[in-house]
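Have a look at the structure below, then the notes.
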Amino acid sequence: MREIAAALVTEAVKKMTMEAGVRLEPDILAGLAQARDRETSSLAKNILDLLLVNADIAGREKIPVCQDTGVAVVFIELGQEVRIRGELGEAVQQGVQAGYQDGYLRKSVCDPITRVNTGTNTPAVLHVELVPGDKLKISVLPKGCGSENMSGLTMLPPSAGIGGMQDFVVRQAVNAGPNPCPPLLIGVGMGGTFEKAALLAKKALIRPLGQPHPRADVAALEAEILTRINEQGQGVQGLGGNNTALAVHIDLFPSHIASLPVAVNIQCHAHRHKEIVL
Amino acid sequence: MSLLSSPAIMDQLQEVEIPFAPGVIESLRAGDLISLTGTLFTGRDQTHRRMMALLDEGADLPVKLAGQLLYYVGPSPARPGQVIGAAGPTTSYRMDVYTPRLFELGLKATMGKGSRSLPVREAMVRHQAVYLAAFGGAGALLSKCIVAAEVVAFADAGPEALYRFVVLRFPAVVINDVHGRDYYEMVKAGSGASR
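Protein chains in written order, with the working numbering: chain A, 1 to 278; chain V, 1001 to 1195.
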């Protein structure tokens, strides 16, 4: 057994939370620059330039890239040979709370009925998965909810097939219009059950931007859906052009013979994520 | 302001003072790129709920909205020495149910991001009001266009407090003009992307 102190988890989560709020990762910066280079609308090209300047100001002056610094979604892959000294869940929540406080990030979490702000941006949404090995992998995805609100899930009959799945994903992205801050990253979960599909869609977002699925048929689907979305012409901020989405990431899981769940998790261009392996 | 001169778009904006001088609102056209200078108020979900509760009680709002621009934003906290943290727009449709009532009080403009409902669009024509979109996800850059910020009401609501901002060359796009045009619809119909 390898032992990891809970305090180490708190420190890592705090640091990643603070960093993610103000600094876009190289994959998303490259994605925005590539979008600018292939953009057909001069207005959209100008806005993409403005977004890159925004990212630069944010990183240099430690001002959040977007004021919606999100609800913190934390994925943990816990090696079965790791023993946490202390309480893992509590360690994550403390890290999130400290990161939002010390990083001057906005606290956006409230009671769903009273709407009273918890004041700490906790609780974070934590997903823990047991995996082989003696490592602990932590991914932090501060999720803005302008885009989260445009997400959706459907339980298709298997007869709807790939075509039905594609239509749903395209419709979800296009109907969202300017609301979720395009250009978007589209996470798709296909198969599994109701909750599994949603989780797959969320987890698909943390794959490096534009990295195709390892299965060739899935990668082809990703490319086809991306083309269909971008052909609709809504573009950056819904103001026109050929960059409504930067990438489509699909993840799969076998489903019941009666079922084809499809979940679409929409992410904005201010896609913030960090990960570390302890 | 040198940072803001770098994106080319900042040089293409039509300067507009807020609150609006007579005739200015009527002159704005869907698709116009403008930059706002002057004062505005902010509010988002809870701000609106609280304002509605005050109106339901027959009480006055903490600020006079007549002639003003209301910006849908929940800023992040300012670091020491900063005027405000990131302060880009939030999605506007969540305020749709409240907006016509504020037009009745003389509110002349709202600013956020994303489409408005048909009732809000109709109310804008009726009340000769406009809707502007700020650039979503550009909160760090937009914070540089805010030269003063103070909480004027609902301080306990944190990011959902009602602020007064003084803005200087704050960029925006006219989405809905007083003539009933909607720039997002024009883009969808293929008549907006000619820039």
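Glycine is no exception: its CB is placed at the ideal position from the N, C-alpha and C atoms.
These numbers were taken from a predicted model, which means no experiment stands behind them.
- For A/Met16 and A/Ala30, the gap between their C-alpha atoms comes out near 20 Å.
- Around the Cβ of A/His269, a 10 Å sphere holds 16 or more other Cβ atoms; the residue is buried.
- At a cut-off of 8 Å between beta-carbon atoms, V/Lys1188 makes contact with chain A.
- Within the model, the alpha-carbon separation for V/Arg1126 versus V/Gly1180 is close to 9 Å.
- In the DSSP annotation of this structure, the continuous segment of the beta strand (DSSP E) that includes V/Ile1146 starts and ends at Ile1146 to Ala1153.
- Residue pairing for V/Phe1041: DSSP places it in a beta bridge opposite V/Leu1070 and V/Arg1164.
- Per the coordinates, the alpha-carbon of V/Leu1168 lies some 15 Å from the alpha-carbon of V/Gln1012.
- Residue-level contact check: A/Lys107 touches chain V, since one or more beta carbons of chain V fall below 8 Å from its beta carbon.
- Out of V/Gly1137, V/Met1124, V/Gly1085 and V/Gly1190, the CA that lies nearest to the CA of V/Glu1150 is found in V/Gly1085.
- Rounded to the nearest whole angstrom, the C-alpha separation of V/Gly1031 and V/Ile1175 is 6 Å.
- Only Glu61, Lys62, Ile63, Pro64, Val65, Cys66, Gln67, Asp68 and Thr69 from the region 61-78 of chain A bring a Cβ to less than 8 Å from some Cβ of chain V.
- Counting only the Cα atoms, A/Val116 lies some 8 Å from V/Ala1157.
- Between V/Phe1135 and V/Met1010, the alpha-carbon positions lie close to 12 Å from each other.
- When secondary structure is reduced to three states using DSSP, V/Asp1182 falls in the strand class.
- Distances from the alpha-carbon of A/Met155 to those of A/Ala245, A/Gly191, A/Asn175 and A/Gly21 put A/Gly191 closest.
- Using beta-carbon distances, A/Gln80 does not count as an interface residue toward chain V, since no partner is under 8 Å.
- If you draw a 10 Å sphere on the C-beta of A/Glu231, you find fewer than 16 other C-beta atoms in it, and that means exposed.
- Under the three-state reduction of DSSP, A/Glu81 is assigned to coil, being neither helix nor strand.
- Neighbours of V/Gln1046 in chain A, taken as residues at a C-beta separation under 8 Å, are given in chain order as Arg115.
- Listed along chain V, no residue sits closer than 8 Å to A/Asp37 by beta-carbon distance, the nearest being about 15 Å off.
- Taking a contact to require three or more Cβ pairs closer than 8 Å, the region 150-168 of chain A and the region 254-273 of chain A qualify as touching.
- The C-alpha of A/Gly89 lies about 32 Å from the C-alpha of A/Pro214.
- For A/His273, same chain residues with a beta-carbon under 6 Å away, outside a window of 5 residues either side, are Leu141 and Ile206 in chain order.
- DSSP places A/Ile28 inside the alpha helix (DSSP H), whose first and last residues are Pro26 to Arg38.
- The C-alpha of A/Glu81 lies about 7 Å from the C-alpha of A/Pro132.
- For V/Pro1075, the chain A residues whose C-beta falls within less than 8 Å of its own C-beta are Gln67 and Arg106, listed in chain order.
- For the region 1073-1097 of chain V, the residues whose beta carbon sits under 8 Å from a beta carbon of chain A are, in order, Val1073, Gly1074, Pro1075, Ser1076, Pro1077, Ala1078, Arg1079, Gln1082, Gly1085, Ala1086, Ala1087, Gly1088, Thr1090, Thr1091 and Tyr1093.
- Its Cα nearest to that of A/Glu148, the residue A/Ile266 stands out among A/Ile266, A/Lys45, A/Ala72 and A/Ile225.
- Assigned with DSSP and collapsed to three states, V/Asn1176 falls in strand.
- For A/Val188, there is no enclosing alpha helix (DSSP H); the residue is part of the beta strand (DSSP E) that begins and ends at Leu184 to Gly191.
- Closer than 8 Å to the CB of A/Val53 there is at least one CB belonging to chain V.
- In the three-state reduction of the DSSP assignment, V/Tyr1098 falls in the coil class.
- Secondary structure note for A/Leu43: its alpha helix (DSSP H) is the uninterrupted segment Ser42 to Glu61.
- Taking 8 Å as the cut-off, the Cβ atoms of V/Gly1038 and V/Ile1018 count as close.
- A distance below 6 Å between beta-carbons, with the five flanking residues on each side excluded, links A/Thr10 to the following residues of its chain, in chain order: Ala91, Gln94 and Gly95.
- In the DSSP assignment, A/Ala198 falls within the unbroken alpha helix (DSSP H) covering Phe194 to Ala204.
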